[in-house]
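One structure is given here, and the rest of the page talks about it.
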Amino acid sequence: MNERYRSEVTAGPGGVMTDEVGTVTGDLTVVTEVAGGQAAVRVQYTGAEEWYVATGSPLPVSAGRGEGIHEAVVAMIRHGAPEGVAQATG
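Counting along the sequence shown from 1, when you hit position 77 you're at 77 in full-length UniProt numbering, and nothing is skipped either side.
Below is the structure:
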């Protein structure tokens, strides 16, 4: 079963690193999609069309922990994730 979580967050100091465009800052939408034991994390400027992969994604996730991983990623971005989200644990 696939899971999908979505949150709005203002990135903390240093923003969040992405694979495509480097650091993004400001008001962001964060989506975590869980499937096959991995959590893919993407971010976009709130209201924009383009999505970017958060550096460090996908993250390993055990069954039933998708929401915890998403919450950890959002908290990390809220505090600043200038090196990406690889250290997020749910």
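Don't be surprised by glycine CBs; every beta carbon is placed ideally from N, CA and C. It should be emphasised that the depicted structure is a prediction, and the values quoted were computed from it without experimental measurement.
For this session: Could you tell me how far apart the beta carbons of residue 55 and residue 18 are, in whole angstroms, since I believe they sit closer than 8 Å?
Result: Rounded, the Cβ-Cβ distance is 6 Å, consistent with contact.
For this session: Within 10 angstroms of the Cβ of residue 64, are there 16 or more other Cβ atoms? Answer buried if so, exposed if not.
Result: Answer is exposed; the Cβ neighbour count stays below 16.
Exercise. Taking just the CA atoms, how far does residue 21 sit from residue 89?
Worked result: Distance between the alpha carbons of residue 89 and residue 21: 24 Å.
Exercise. Assuming residue 61 contacts residue 52 under a Cβ cut-off of 8 Å, what Cβ separation, rounded to an integer in Å, is found between them?
Worked result: Contact between residue 61 and residue 52 does not hold, since the beta-carbon distance rounds to 20 Å and is not under 8 Å.
For this session: Find the nearest neighbour of residue 85 within the set 71, 57, 68, 79, judged by alpha-carbon distance.
Result: The option with the nearest alpha carbon to residue 85 is 57.
Exercise. Ends of the beta strand (DSSP E) at residue 33?
Worked result: Per DSSP, the continuous beta strand (DSSP E) segment holding residue 33 begins and ends at 27 to 35.
For this session: Quick one: grab the DSSP three-state call for residue 83.
Result: Three-state result, residue 83: coil.
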